[in-house]
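In numbering that gives the first Met the number 0, the protein residues as written are 0 to 884.
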Amino acid sequence: MDRYNELSKTYTPSEFEDRIYQNWCEKGYFTPDVTNDAEHFSIVIPPPNVTGQLHMGHALDETLQDILVRYKRMQGFNTLWLPGTDHAGIATQIKVEERLREEEGLTRYDLGREAFLERVWAWKDKYEARITGQLKKLGTSCDWSRQRFTFDEGCSRAVREVFVGLYEKGLIYRGHRIINWCPRCLTALSDAEVEYKDQPGSFWHIKYPIKGEDGYVEIATTRPETMFGDTAVAVNPEDEAMKHLIGKTLILPLVGREIPVIADDYVEIGFGTGCVKITPAHDPNDFLVGQRHSLEQIKVMNDDATMNAHAGKYEGMDRYACRKALVADLEAEGYLVKVVPHEHNVGVCYRCGTTVEPITSDQWFVKMKPLAEPAIKAVEDGTIRFIPERFSKNYFNWMNNILDWCISRQLWWGHRIPAFYCDACGEMTVCREDIEVCPKCGGKVRQDEDVLDTWFSSALWPFSTMGWPENTADLQKYYPTSVLVTGYDIITFWVSRMIVSGLEQMGREPFHTVFIHGLVRDAQGRKMSKSLGNGIDPLEVIEKYGADALRFALSTGNSPGNDMRFSDEKMEAARNFANKLWNASRFVRMNLTIDRVELPDASKLSMEDKWILTAYEKTVATVVNALDHFEVGVALASIYEFIWDVYCDWYIELTKSRLAEKDTEGNLVAQNVLCYVLLGTLKLLHPFMPFITEEIYGALPHGEDAESIMIARYPVHDESLEFAKESAELDRVIAVIKAIRLRRNEMNVPPSRKAKVYIVTKYEESFAPSTHAFFARLASASETAVAASFGEDVVSADNAVQIVTDSATVYLPLADLVDMEKEKARLEGESKKLTDEIARLEKKLSNEGFVAKAPAAVVDAERAKLAKYQENLDGVKAALAKLKA
RNA sequence: GGAGGCAUAGCUCAGUUGGUUAGAGUGCAUGCUUGACAUGCAUGAGGUCGUUGGUUCGAUUCCAACUGUCUCCACCA
């Protein structure tokens, strides 16, 4: 045993977790051999943003991936988990700008593009290192030799290739459109980047005088300040009350500009006043109306949402200040009819929370409809499947209603759009390599100032990370990837776009399975967020409880797609489980004299050995089946139950008498079985709790098996090691022990008060002499006697308590401790319960429909149950009769 | 407005193709310094599985409606 590690007296994960991780790295276990022909299993990590550090959501995401990856690796798959980070354009730029402002009082414009980007790169280096450090602490088995970054050279090349390719196909275009503009971030946002929040607002009812008439039209608007950009008023042509206005001319109050009344069925009859002011430059719907009617677009705001010259005397005011002043003036001039409070949804920037301003501008777009079609089909025909399946509805909902994707951002941190403009001849060139002169006229060109949406590069992640557009060995081996593990919150942002670009660029789906998990919430069920300050740092948790405990807490009782709550209680339960395993292993180890483990021949195995092997094999089958179906929580629960409730609570206890023997065959058999089952269990558990399993593995004789548990073979279900007969026999013993404990407990008999145990049974084999030690140890028996019957002198002598179980009637002579009245009451209670159950079963079995239509196995099982209860009832009645006599 | 999730023990949650006396963790109660573990051991109490219907021999499980709750998408000036 000397060549194996010791296990320290207490479970202290900080003593070994870092050491073990380092060893794994040094041995290169995480780096697969691309030339190995085993079937591949690959995952690309959802790249964390380099904005900060990892939170609990990441910890969950990475834990689930690591479980799958370690499981498959142990099964012999050629396994790659490719790590990396995301440059997260807007989010990172905001962070760096914030810090620049706080620490130096500067803006990015003060530094200039180049110097500012240097700052961002420095930030990236720092946080990328922090994030990878955190991932390592968690135990993730990523192949660090293949680590990537969405903005590194290779990924940038892929981005450029895709952009130019799509442009050449006419799927990327530059257009003057209405887009969501964040006046604080000063950039365009895609539809997905806008969040909607209910906010109290008002309807301002304003009079628009009719030209050449005395009357006026009443317009209701939530945004009076956009009035300066009105170029029409629309009514529904079917609206009897309003259609007479069509073709008339209105005069814009205060401004005096004339605008027409047009007919458009966009206007809903009966809503508001029935007339809508049309501001094509500041409202997405009005923009479309404007296009239909060839209306002029008048932009009334600057990029920072202050009013421009079109607002006349309000020029330079912020949009809200202008609104206030304008409303006051309208009222003063008699144009304001009334103000009605109105709750409405306002779009805000998902990064900074500023109310977005819809404005028209020149942006780049991806034409999504033709690209979405194959992506929809891939999920419909099962090429890609979501787990749980219901999330595919989410996906279809988005993809079927998809609009063109605005991909240009007015930022500095990101992939620069490869479009070059020639001021001399006006030519625009989109190309793979940078150019300085116009290919048409030779004039000097300037590159488009904008960068791409960060999701444009994340969309390429499954293949850009493997070297595309080169046809690399990695790409051939590991693409398509096997599974994508991510939260439901980014299905639209990311998953859908990866599917689109994978199919378009590679001609194949980027992954077969999308495994969706929920959010990690705090103990009260609230979303963890910075503003609430309820975020929990995974590193602090790891420091306190260990990485294995954190992983356990995140993966137990968690079912796919559902949110989970995180709490200290969960962490304690997880740590206690690790501690339990640690101590059980320590116990096994200190009883070992053997140097190598070999499962003894079946003929040498005792009843309890066969029992534990049977339970172990059933656990293997359950775990493998659950993991194959991504039921991580189910798999872990069955390992937990096996270790704690079966192996520790029963099997270890049952081996103690053999372990106490010296140099007997029984002792050696017990050692081997204890160790064999423990080793197998450690392997089952390793994907979930990699550190503790490795540490214990190294402390046990694992013989010719692998040098590290992470490269050992995962257990395979072996039916030949299931022993139904012996397993059932020992189950009877356990049932009797439990029944005795229960009775003693009910009667408050302390364990120190021993009593003889008389077992009357027809299953004498079950209660063979070798089991009598179990009763002594686990049921406080001073002596155990087993027979088909005992004489009256034995069983009545000492005021014996009678216990009726399915397989035996037990007499427990406890003399003066027995209160005969209580005993009678208890037996009567039991009798009633059995009678009720019997009545229920008899009713069920007399139901012809049940007997005729239910499967035979079900009917038989019910019959067997009935017979058993009847037998038990007879026993209880006999006991009662004896008491009364 | 459209779509979806959830509703099971005091609390947090499992429940794998409809048939168990409905489970776990935690909390609670009672008793234990049983030589691995008090981060432990033993035992127990606690649930008409949200409401009402339907399908079925049989529903916690499938269907419909309702109530409560959460989320996603769209957004009407």
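Every residue gets a Cβ at the ideal spot worked out from N, C-alpha and C, and that includes glycine.
| Item | Value |
| --- | --- |
| Where the beta strand (DSSP E) containing Y207 begins and where it ends | V193 to P208 |
| Where the beta strand (DSSP E) containing V436 begins and where it ends | Note, V436: premise wrong, no beta strand (DSSP E); not H, not E. |
| Cβ-based neighbour list, D547, same chain, cut-off 6 Å, excluding 5 preceding and 5 following | A577, M688, F690 and I691 |
| Residue closest to K698, alpha-carbon to alpha-carbon, out of A880, F586 and V619 | Correcting the residue identity first, residue 698 is Ala in this sequence and not Lys. Ranking A880, F586 and V619 by Cα distance to A698 puts F586 first. |
| Cβ neighbour criterion (16 or more within 10 Å) applied to R525 | exposed |
| Cβ-based burial, L483 [other Cβ within 10 Å; buried from 16] | buried |
| Where I268 sits in the DSSP three-state scheme | coil |
| N77: first and last residue of the uninterrupted beta strand (DSSP E) it sits in | N77 to L81 |
| Top-ranked residue by Cα proximity to P812, from T770, D859, G828 and R752 | R752 |
| Every unbroken beta strand (DSSP E) inside the segment 27-61 [3 residues or more] | 39-43 |
| DSSP three-state assignment for A280, whether helix, strand or coil | coil |
| 7 Å Cβ shell around A885 - same chain, five flanking residues per side excluded | Residue 885 lies beyond the range of the chain shown here (0 to 884); nothing can be said about it. |
| Rounded Cβ spacing between T480 and I42 (contact assumed at less than 8 Å) | 6 Å |
| Residues that DSSP places opposite H341 in a beta bridge | G200 |
| Identity of the residues DSSP links to S407 by a beta bridge | L451 |
| C-alpha distance - I401 paired with M367, whole-angstrom precision | 7 Å |
| Contacts around Y313, its chain only, beta-carbon distance under 7 Å, and the 5 residues preceding and following it disregarded | M306, C321, A324 and L325 |
| Where the alpha helix (DSSP H) through G828 begins and ends | M819 to S845 |
| L813 (DSSP reduced to helix, strand or coil) | coil |
| Where Q74 sits in the DSSP three-state scheme | coil |
| Residues bridged to Q504 [DSSP beta-bridge criterion] | Answer is none; Q504 lacks a bridge partner. |
| Distance between T485 and F774 (C-alpha atoms, nearest Å) | 51 Å |
| Straight-line Cα distance separating S806 from G848 | 32 Å |
| Inter-residue Cα distance where the pair is W80 and E693 | 20 Å |
| Buried/exposed call for S7, threshold 16 Cβ in 10 Å | exposed |
| Given K123 as reference, the closest of L604, K135, L137 and A90 once Cα atoms are compared | A90 |
| Supposed contact pair N671 and E597 - C-beta distance, whole angstroms, cut 8 Å | 6 Å |
| For S885, three-class secondary structure by DSSP | Given a span of 0 to 884 for the chain in the structure shown, any question on residue 885 remains unanswerable. |
| For D302 and W180, the rounded distance between their alpha carbons | 8 Å |
| Whether L681 touches Y696 by CB criterion (8 Å) | yes |
| DSSP three-state assignment for L294, whether helix, strand or coil | coil |
| First through last residue of the alpha helix (DSSP H) which encompasses Y650 | Looking at the DSSP string, Y650 is not in any alpha helix (DSSP H), and its letter there is neither H nor E. |
| Contact belief for C437 with C424 at Cβ below 8 Å, rounded distance in angstroms | 6 Å |
| Distance between M563 and K724 (C-alpha atoms, nearest Å) | 41 Å |
| Residues near L777 in its chain [Cβ-Cβ closer than 7 Å; skip 5 each side] | E652 and I736 |
| Distance between Q409 and A458 (C-alpha atoms, nearest Å) | 20 Å |
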